[in-house]
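Let me begin by presenting the structure, written as structure tokens, before commenting on it.
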Amino acid sequence: MSEEELFSFDTHDKSEAEKITAPRYSYWKSVFRVFFKKKINIIMLAVLLILILFAYIYPMFSGYDKFANITDASMKHLTPSASIAKNGFSIHEILGRGGSGESTFDAVWNGARISISFAFSCAIINMTLGVIIGAIWGFSKKFDLIMTEVYNIVGNVPLTLVVSVLVLVMSSSFGTMVFAMTVTGWLFIAYFFRTQVIIIRDREYNLASRCLGTSIFKIAIRNILPFMTSIIVTLAAAEIPSYISYEVFLSYIGMGMADMSLGKLIFQYESSMAISGWQFEFWSPVIVVSIITVVLYVVGQNLGDASDPRTHM
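Residues are numbered in the working numbering as their position in the sequence shown, beginning at 1, plus a constant of 89.
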């Protein structure tokens, strides 16, 4: 045999050895794959979409005017059947008429728009400030000394007292309520994330980043926050419904915003229950508030579970 038959040059490309043959992993693609695997999540997401459409799209075309029939006594406090009999069947009459002669159906969805906007505004501000400051708070020992003292002082002041004072001093507008709920609200979220960061701040990759001269801010944003994505989503899922519930509570005790939110509607319609017994004008906003909070909580919690990489196996 000749040498040419026994041996041949290797033509293998060394760059091929660097290629990964495993399928490309996409974190968010895996999150949504796990999330949509459960049928209950699809149902809840569909309900949430319907709620948002009615809350934001329907009021644009409903022509809602609370005082349009205020001088017509025959239009006030009508049950659905009485309202349909008087005005004919339409979507505006299916929940009856309120104390000012307004359509209860239109009033509820106009209030839902305000309440949902309020909840999301508070959640975005508090979560953004709380997560970023909490990450830095837990990683920087100097910053920890200052913020711990601030938390010990401010954290002992009841949030209801802060909101009440600000509403009385400033006004009861939408902007004032958002400011009152966020001026100290982010601090409690930041403290929660501070404890989470302390658990992982001394891991090897964070120590290596500090040795290489990486700033604390970059370590917090790039190393720590992505690690806690599922925790952030889960906390946001609990925060958003809680703001709606808190707004309803403040309105119920007379400290809510001047805008006709769901809480304000419940507060105003309470008197009809005491006078006339069962009234759709009272139970309608109560039911809508309950549905919104439950749907937001379930969707958020299941999305938080799907955000945990351990569920992507």
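Every residue gets a Cβ at the ideal spot worked out from N, C-alpha and C, and that includes glycine. Note that this is a predicted model, so its numbers are computed, not measured.
Counting C-beta pairs closer than 8 Å gives fewer than three between the stretch 228–239 and the stretch 320–335, which falls short of the contact rule. For leucine 167, no alpha helix (DSSP H) run applies, since DSSP gives it neither H nor E. Restricting attention to Leu351, Ile221, Leu218, the CA atom closest to the CA of valine 337 is found in Leu351. If you check the CB distance, glycine 200 and leucine 354 come in under 8 Å.
In this chain, the alpha helix (DSSP H) harbouring lysine 118 covers 116–124. CA-to-CA, the gap between tyrosine 386 and tyrosine 341 works out to about 22 Å. In this structure, the CA atom of phenylalanine 306 is about 15 Å from the CA atom of threonine 217.
In terms of Cβ geometry, alanine 224 and phenylalanine 316 do not form a close pair [threshold 8 Å]. For the set Asn215, Thr237, Asn295, the Cα lying nearest the Cα of threonine 271 is the one of Asn215. Serine 192 carries a strand assignment under DSSP once its states are collapsed to helix, strand and coil. The stretch 198–213 makes contact with the stretch 261–271; the number of CB pairs closer than 8 Å reaches 3 or more. Non-local beta-carbon contacts of leucine 134 in its own chain, meaning distances under 7 Å to residues more than five positions away in sequence, involve Val388 in chain order. Burial is judged here by how many other beta carbons sit within 10 angstroms of a residue's own beta carbon; proline 247 has fewer than 16 and is exposed. By DSSP's assignment, arginine 399 forms no beta bridge with any residue. Annotation note: the stretch 133–189 contains the following uninterrupted alpha helix (DSSP H) runs of length 4 or greater, listed N- to C-terminal: 147–151, 169–176. In the structure shown, threonine 303 falls within a coil segment according to DSSP collapsed to helix, strand and coil.
Just so you know, the alpha carbons of glycine 393 and tyrosine 280 end up roughly 20 Å apart.
Of all alpha-carbon atoms in Ile287, Gly190, Ser179, the one lying nearest the alpha-carbon of lysine 155 is that of Gly190.
Across the set Ser379, Ile310, Ile139, Phe356, the C-alpha of Ile310 shows the shortest separation from the C-alpha of glycine 219. For isoleucine 183, same chain residues with a beta-carbon under 7 Å away, outside a window of 5 residues either side, are Pro169, Phe194 in chain order. DSSP places alanine 279 in the uninterrupted alpha helix (DSSP H) bounded by 274–289.
By the Cβ neighbour-count rule, arginine 202 is buried, with 16 or more other Cβ atoms within 10 Å of its own.
In the three-state DSSP reduction, isoleucine 242 falls in the helix class (H, G or I). Closest in alpha carbon position to glycine 274, among Ile287, Val252, Ser373, is Val252.
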